[in-house]
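There are 2 protein chains.
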Amino acid sequence: MENFNFNVSTDIRFGKDRLDELPSVLNQFGKNVLLVYGGGSIKRSGLYEKIKTLLKENGLKMFELGGVDPNPKIESVREGVMLCKYHKIDVILAVGGGSVIDCSKVISGAVFYEGDPWEMVLSRRYEGPTIPLVTILTLATTGTEMNRGAVISDLNAKQKLGIHGTNFLPKVSFLDPSLTFSVSKYQTLAGSADILSHLMEQYFNLTPGTEVQDSIAEGLMKTVIQCMPVALHEPTHYDARANLMWASTLALNGLVGSGRKGAWSCHAMEHELSAFYDITHGIGLAILTPRWLDYILNEQTLPKIERFARNVWQIQEPDSMKAAKMGIQALYDFFEENGVPMTLPEVGIPDDRDFAAMAQQAIDHSSLLTDAFEVLGVKDVVAIYQACLTKSKFI
Amino acid sequence: MENFNFNVSTDIRFGKDRLDELPSVLNQFGKNVLLVYGGGSIKRSGLYEKIKTLLKENGLKMFELGGVDPNPKIESVREGVMLCKYHKIDVILAVGGGSVIDCSKVISGAVFYEGDPWEMVLSRRYEGPTIPLVTILTLATTGTEMNRGAVISDLNAKQKLGIHGTNFLPKVSFLDPSLTFSVSKYQTLAGSADILSHLMEQYFNLTPGTEVQDSIAEGLMKTVIQCMPVALHEPTHYDARANLMWASTLALNGLVGSGRKGAWSCHAMEHELSAFYDITHGIGLAILTPRWLDYILNEQTLPKIERFARNVWQIQEPDSMKAAKMGIQALYDFFEENGVPMTLPEVGIPDDRDFAAMAQQAIDHSSLLTDAFEVLGVKDVVAIYQACLTKSKFI
Numbered sequence: 087m088e089n090f091n092f093n094v095s096t097d098i099r100f101g102k103d104r105l106d107e108l109p110s111v112l113n114q115f116g117k118n119v120l121l122v123y124g125g126g127s128i129k130r131s132g133l134y135e136k137i138k139t140l141l142k143e144n145g146l147k148m149f150e151l152g153g154v155d156p157n158p159k160i161e162s163v164r165e166g167v168m169l170c171k172y173h174k175i176d177v178i179l180a181v182g183g184g185s186v187i188d189c190s191k192v193i194s195g196a197v198f199y200e201g202d203p204w205e206m207v208l209s210r211r212y213e214g215p216t217i218p219l220v221t222i223l224t225l226a227t228t229g230t231e232m233n234r235g236a237v238i239s240d241l242n243a244k245q246k247l248g249i250h251g252t253n254f255l256p257k258v259s260f261l262d263p264s265l266t267f268s269v270s271k272y273q274t275l276a277g278s279a280d281i282l283s284h285l286m287e288q289y290f291n292l293t294p295g296t297e298v299q300d301s302i303a304e305g306l307m308k309t310v311i312q313c314m315p316v317a318l319h320e321p322t323h324y325d326a327r328a329n330l331m332w333a334s335t336l337a338l339n340g341l342v343g344s345g346r347k348g349a350w351s352c353h354a355m356e357h358e359l360s361a362f363y364d365i366t367h368g369i370g371l372a373i374l375t376p377r378w379l380d381y382i383l384n385e386q387t388l389p390k391i392e393r394f395a396r397n398v399w400q401i402q403e404p405d406s407m408k409a410a411k412m413g414i415q416a417l418y419d420f421f422e423e424n425g426v427p428m429t430l431p432e433v434g435i436p437d438d439r440d441f442a443a444m445a446q447q448a449i450d451h452s453s454l455l456t457d458a459f460e461v462l463g464v465k466d467v468v469a470i471y472q473a474c475l476t477k478s479k480f481i
Numbered sequence: 087m088e089n090f091n092f093n094v095s096t097d098i099r100f101g102k103d104r105l106d107e108l109p110s111v112l113n114q115f116g117k118n119v120l121l122v123y124g125g126g127s128i129k130r131s132g133l134y135e136k137i138k139t140l141l142k143e144n145g146l147k148m149f150e151l152g153g154v155d156p157n158p159k160i161e162s163v164r165e166g167v168m169l170c171k172y173h174k175i176d177v178i179l180a181v182g183g184g185s186v187i188d189c190s191k192v193i194s195g196a197v198f199y200e201g202d203p204w205e206m207v208l209s210r211r212y213e214g215p216t217i218p219l220v221t222i223l224t225l226a227t228t229g230t231e232m233n234r235g236a237v238i239s240d241l242n243a244k245q246k247l248g249i250h251g252t253n254f255l256p257k258v259s260f261l262d263p264s265l266t267f268s269v270s271k272y273q274t275l276a277g278s279a280d281i282l283s284h285l286m287e288q289y290f291n292l293t294p295g296t297e298v299q300d301s302i303a304e305g306l307m308k309t310v311i312q313c314m315p316v317a318l319h320e321p322t323h324y325d326a327r328a329n330l331m332w333a334s335t336l337a338l339n340g341l342v343g344s345g346r347k348g349a350w351s352c353h354a355m356e357h358e359l360s361a362f363y364d365i366t367h368g369i370g371l372a373i374l375t376p377r378w379l380d381y382i383l384n385e386q387t388l389p390k391i392e393r394f395a396r397n398v399w400q401i402q403e404p405d406s407m408k409a410a411k412m413g414i415q416a417l418y419d420f421f422e423e424n425g426v427p428m429t430l431p432e433v434g435i436p437d438d439r440d441f442a443a444m445a446q447q448a449i450d451h452s453s454l455l456t457d458a459f460e461v462l463g464v465k466d467v468v469a470i471y472q473a474c475l476t477k478s479k480f481i
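Taken in sequence, the protein lines are chains X and L. Quick note: the first sequence, position 169, residue 255 per the working numbering, numbers continuous. Quick note: the second sequence, position 217, residue 303 per the working numbering, numbers continuous.
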């Protein structure tokens, strides 16, 4: 195990019927609140009106930045920065999924950044001050509600980049599982695939002696595998939604990733799919991951992939290589049986015309070439993309 | 899953060779440091001299409270409070295991408490201010380095009581696994048994829908079961010590306990063994737990005990009741094979003369009678104590 810091001070308010706590939470930071949200589902659900009324009744002034897209765009950040400066915003209230919260994080720092926000994103780290951020999560996916990362896209430049900020960590996050009852099947699938991918990206790693982290990762993977089908079948199943939500948060708050290092492989490859074609992030990950595992399966990676097969998928097959392949197949089948479109053409990437350019960017924007679980070059990434064009069978 | 708050802001500095960070950590709180430690092992190991030199070189003034006992006594708290007031202490530096840290927590609050510190402990909660606390952990056991609880004994009153304080949470905790290389076999056993017990106390619970918490608990239990024998056999095995240490911290920082409620059964019963006979806490827990599980095994408790047998001990036996019993036996055998004295006479409790009084106190000081995994009365507790007088066989 490597040395690490773990310092995750977000005040989590987990559970239903806790909105009454919001005014006092916001009040500790000031009176001027910037509400950031997405496509308007919070208006349809009535959450927007509830928040507006609550804030008004408690003497808080609410300003708004709506319309933040999935794969949030740098244009939204620029708009948010202007609003923060003009209205002297004291606290940002992000209500939504990962996109809304990520956009809010970058706004919170960019307000104090001298150059254009995209320059800040290009630098990949921000150590300066931020406007305090409070979140109300409406989608179990990215874990951004309890970490220091954010992902922002510039579609003009065909770039989707992660940035970390010491002070991007939300001060308070409200996690109400019942707010995810209305999440569509497709978004539940995509969100769950994203959680699983976060866990696998950290789990498939070469640092030895990370038993705590690995066993937590396996436990959270099993939780998602158990609860996702329940939530798909019965969208208002509170405990299924609650476990998916809490798993999503814990999957990426440092618990699983601390004490080891190494590149994330599928995210590096998927970010280019989203940057070029604006596809749903989690679905892209579900498509890529089994093909990636199959492509990198070799003597060095076998022990961990076999362990994954046995501990997560309860594969009993005695032969190690065969067991590993059965684990990869089980992952693929899990996604397919639950309705994930498992080829690129199904999500609007018709052929391989952009694979070389995307692979090059995947390499340029990551350390796939140097410190991945299994290092990958452009040729390898193209081969993995290629395997995603048609249905796969691994055994 | 029940609603919960999770807000654990302790800044964890995990790993070896990080003592150089100590002066700047302390400096943010002030110049006057009260060093709290135990029986002098930190003097023998050289850690005491290193800290003294570091603090002096960095202009910090060090005062001392040494000799804090295992099962820390209220007398040490009173002494610490006097020292804090007299020397205008700005920050407490606790260097040791759970006893030293727990004692320091209670001191940190009792300084601001108007009455005698034991009155504060008797009230079981402290919501007032505290002196900031920094810890250097030298024993993987209680998890106190990242939570808000403390346990203090008054041997005159034969009482050992837990107290929670909102501000008892350490500000910074240094977790250096190599500081546990010198921990004796017996203390490694006791510490590991304590970690396992914390996990089991939270895991054996009736709240439904806590898949995240249960799967994390199972993962941490498996980690301890895997790493404890390695650390016993090779005390300087870094990764074994690192995983035991990180597991001990995560076992009791809210990850496993959040979202459910209910009494801790074995701790309630063990606290009286320690209060009456001053035995080692973890060993008392190891002795009690299998007998408790066997005593409460019934139709209602079967599903969880069976799950424990299958997921933690890989029991394949198809019959549920038999599998559950095999799990209890596996737990007992694990302790016994690794050298835990598994009967009360072996640890200096010769017979049942105090069982009735201890059982009565266990009931008085807990909610065993109302909200345990399986509710227990005085008669039940006596029966469980009784089963601990001789070796056991569960199948």
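Backbone N, C-alpha and C define an ideal beta-carbon position, used for all residues, glycine too.
Length-filtered (4 minimum) alpha helix (DSSP H) runs lying within the region 131 to 176 of chain L: For the region 131 to 176 of chain L, whole alpha helix (DSSP H) runs of length 4 or above, ordered along the chain, are 133 to 143, 160 to 172.
If you draw a straight line from the alpha carbon of L430 (chain L) to that of G145 (chain L), how long is it in whole angstroms? Counting from one through the second sequence, the residue named residue 430 (chain L) turns up at place 344. Counting from one through the second sequence, the residue named residue 145 (chain L) turns up at place 59. Between L430 (chain L) and G145 (chain L), the C-alpha separation is close to 50 Å.
Taking 8 Å as the threshold, find out whether the region 255 to 274 of chain L comes into contact with the region 340 to 360 of chain L through three or more Cβ pairs. Too few Cβ pairs lie closer than 8 Å, so no.
Output, in chain order, the set of chain X residues within a Cβ distance shorter than 9 Å of M87 (chain L). Looking up residue 87 (chain L) in the second sequence gives position 1. The answer, in chain order, is F100, G101, P263, Y324, D325, A328, N329, W332.
Measure the alpha-carbon distance for E161 (chain X) versus Q273 (chain L) and round it to whole angstroms. Here the question's residue 161 (chain X) lines up with position 75 in the first sequence. Here the question's residue 273 (chain L) lines up with position 187 in the second sequence. Straight across, the Cα-Cα distance linking E161 (chain X) with Q273 (chain L) is about 59 Å.
Among X:S406, X:K390, X:I391, X:G413, whose alpha-carbon lies nearest the alpha-carbon of W399 (chain X)? Position 313 of the first sequence, counted from the first residue, corresponds to residue 399 (chain X). Selected option, being the one with the closest Cα: X:G413.
So which residues of chain X does Q312 (chain L) contact, with C-beta pairs closer than 8 Å? The sequence position of residue 312 (chain L) within the second sequence is 226, counting from 1. Per Cβ cutoff of 8 Å: E297.
Cut-off 6 Å between Cβ atoms - residues of its own chain near K191 (chain L), not counting five sequence neighbours on either side: Position 105 of the second sequence, counted from the start, is the residue given in the question as residue 191 (chain L). Shown here for K191 (chain L): same chain residues with a beta carbon closer than 6 Å to its own, the five before and five after excluded, namely A236, F254 in chain order.
Along the region 215 to 242 of chain X, where does the CB come closer than 7 Å to a CB of chain L? Name the residues. Listed in chain order, the positions of the region 215 to 242 of chain X with a beta carbon within less than 7 Å of a beta carbon of chain L would be empty, since no residue qualifies.
Does the distance from the CB of A279 (chain L) to the CB of L223 (chain L) come in under 8 Å? Walking along the second sequence from the start, residue 279 (chain L) turns up at place 193. Walking along the second sequence from the start, residue 223 (chain L) turns up at place 137. The answer is no: Cβ separation not under 8 Å.
Pull up the distance between the alpha-carbon of I98 (chain L) and that of K465 (chain L), whole angstroms please. As a working mapping, residue 98 (chain L) is identified with position 12 in the second sequence. As a working mapping, residue 465 (chain L) is identified with position 379 in the second sequence. Those two C-alpha atoms are separated by around 43 Å.
Along chain X, which residues have their Cβ under 7 Å away from the Cβ of I401 (chain L)? Here residue 401 (chain L) refers to the residue found at position 315 when the second sequence is read from its first residue. Identification of chain X residues near I401 (chain L) by a Cβ-Cβ cut-off of 7 Å yields none; the smallest Cβ-Cβ distance measures about 14 Å.
Shortest alpha-carbon distance to A328 (chain L) belongs to which of X:G340, X:M307, X:E320, X:V298? Against the second sequence, residue 328 (chain L) aligns to sequence position 242. Out of X:G340, X:M307, X:E320, X:V298, X:V298 has the C-alpha closest to the C-alpha of A328 (chain L).
Starting from the Cα of L225 (chain X), find the closest Cα among X:V433, X:D188, X:E213 and give me that residue. Numbered from its first residue, the first sequence carries residue 225 (chain X) at position 139. Out of X:V433, X:D188, X:E213, X:D188 has the C-alpha closest to the C-alpha of L225 (chain X).
In three-state terms, what does DSSP make of K246 (chain X)? Residue numbering aside, residue 246 (chain X) sits at position 160 when the first sequence is read from its first letter. Three-state result, K246 (chain X): strand.
Assigned secondary structure, Y212 (chain L) (DSSP; H/G/I helix, E/B strand, else coil): Here residue 212 (chain L) is taken as the residue at index 126 of the second sequence, counted from 1. In the structure shown, Y212 (chain L) sits in a strand (DSSP, three-state: E or B).
Can you check DSSP and say which residues form a bridge with S239 (chain X)? If you number the first sequence from 1, residue 239 (chain X) lands on position 153. Beta-bridge annotation (DSSP): S239 (chain X) is paired with X:K159, X:K246.
What is the DSSP secondary structure of F394 (chain L), reduced to helix, strand or coil? The residue labelled residue 394 (chain L) in the question sits at position 308 within the second sequence. If DSSP states are grouped into helix, strand and coil, F394 (chain L) belongs with the helices.
Could you say if the region 404 to 413 of chain X and the region 424 to 438 of chain X meet the contact criterion of at least three C-beta pairs nearer than 8 Å? Judged by Cβ distances under 8 Å, the region 404 to 413 of chain X makes no contact with the region 424 to 438 of chain X, as fewer than three pairs qualify.
Proximal residues to R125 (chain L) (C-beta, below 6 Å), its chain only, five neighbours per side dropped: Translated into positions along the second sequence, residue 125 (chain L) becomes position 39. Per the sequence shown, residue 125 (chain L) should be read as Gly rather than Arg. None.
Nearest residue (CA-CA) to V163 (chain L), options L:G201, L:S131, L:K147, L:Y134: Stepping through the second sequence from its first residue, residue 163 (chain L) is reached at position 77. Considering only L:G201, L:S131, L:K147, L:Y134, the residue with the shortest C-alpha distance to V163 (chain L) is L:G201.
Apart from the five residues just before and just after E422 (chain X), which ones in its own chain have a Cβ nearer than 6 Å to its Cβ? Counting from one through the first sequence, the residue named residue 422 (chain X) turns up at place 336. Same-chain partners within the cutoff: M428.
Using a threshold of 8 Å, state whether the C-beta atoms of L285 (chain X) and A337 (chain X) are closer than that. In the first sequence, counting from the first residue as 1, residue 285 (chain X) sits at position 199. In the first sequence, counting from the first residue as 1, residue 337 (chain X) sits at position 251. Against a cut-off of 8 Å, the Cβ pair of A337 (chain X) and L285 (chain X) comes out as a contact.
Mapping the DSSP letters down to three states, classify A180 (chain L) as helix, strand or coil. Within the second sequence, numbered from 1, the residue matching residue 180 (chain L) stands at position 94. Residue state, collapsed to three classes: strand.
Using a beta-carbon distance cut-off of less than 9 Å, what residues from the region 104 to 123 of chain X approach chain L? Residues of the region 104 to 123 of chain X with a C-beta less than 9 Å from any C-beta of chain L: R104, listed in chain order.
Candidates X:S360, X:K117, X:S334: which alpha carbon is nearest I281 (chain X)'s? Walking along the first sequence from the start, residue 281 (chain X) turns up at place 195. For the set X:S360, X:K117, X:S334, the Cα lying nearest the Cα of I281 (chain X) is the one of X:S334.
With contact counted as at least three CB pairs below 8 Å, one residue from each stretch, are the region 141 to 156 of chain X and the region 195 to 211 of chain X in contact? For the pair of segments examined, the region 141 to 156 of chain X was found not to touch the region 195 to 211 of chain X: the number of CB pairs separated by less than 8 Å stays below three.
Report yes if the C-beta distance between G348 (chain L) and D450 (chain L) is below 8 Å; otherwise report no. What you label residue 348 (chain L) is simply residue 262 of the second sequence in a count that begins at 1. What you label residue 450 (chain L) is simply residue 364 of the second sequence in a count that begins at 1. In this structure, D450 (chain L) does not lie closer than 8 Å to G348 (chain L) by Cβ.
Would you say I281 (chain X) lies against chain L (beta-carbon separation less than 8 Å)? Taking the first residue of the first sequence as 1, we reach residue 281 (chain X) at position 195. With respect to chain L, the C-beta atom of I281 (chain X) has no partner C-beta closer than 8 Å.
Label Q415 (chain L) either buried or exposed according to how many other C-beta atoms from any shown protein chain fall within 10 Å of its C-beta, with 16 as the threshold for buried. Numbered from 1 along the second sequence, position 329 holds the residue referred to as residue 415 (chain L). Q415 (chain L) is classed as buried because its beta carbon has at least 16 other beta carbons within 10 Å across all chains shown.
Any non-hydrogen atom of the ligand SAM closer than 7 Å to Y381 (chain L) Cβ: In the structure shown, the ligand SAM is absent, as is every other ligand, since no ligand is present at all.
To the nearest angstrom, how far is it from the Cα of L141 (chain L) to the Cα of E231 (chain L)? Position 55 of the second sequence, counting from 1, holds the residue named residue 141 (chain L). Position 145 of the second sequence, counting from 1, holds the residue named residue 231 (chain L). If I take the Cα positions, the gap works out to 21 Å.
Contacts that P294 (chain L) makes with chain X (C-beta to C-beta distance below 9 Å): Translated into positions along the second sequence, residue 294 (chain L) becomes position 208. Chain-ordered, the chain X residues with CB closer than 9 Å to the CB of P294 (chain L) read D325.
Which whole-angstrom value is the C-beta distance of T96 (chain L) and S344 (chain L), which I expect to be below 8 Å? As a first step, residue 96 (chain L) must be located in the second sequence, where it is residue number 10. As a first step, residue 344 (chain L) must be located in the second sequence, where it is residue number 258. About 16 Å separates the beta carbon of T96 (chain L) from that of S344 (chain L), a gap too long to meet the 8 Å contact definition.
Quick one: give me the first and last residue of the alpha helix (DSSP H) that T456 (chain X) is part of. The sequence position of residue 456 (chain X) within the first sequence is 370, counting from 1. From DSSP, the alpha helix (DSSP H) with T456 (chain X) extends over 454 to 457.
Mark G277 (chain X) as exposed unless 16 or more other C-beta atoms lie within 10 angstroms of its C-beta, in which case mark it buried. Locating residue 277 (chain X) in the first sequence gives position 191, where the first residue counts as 1. Buried, by the Cβ-count rule.
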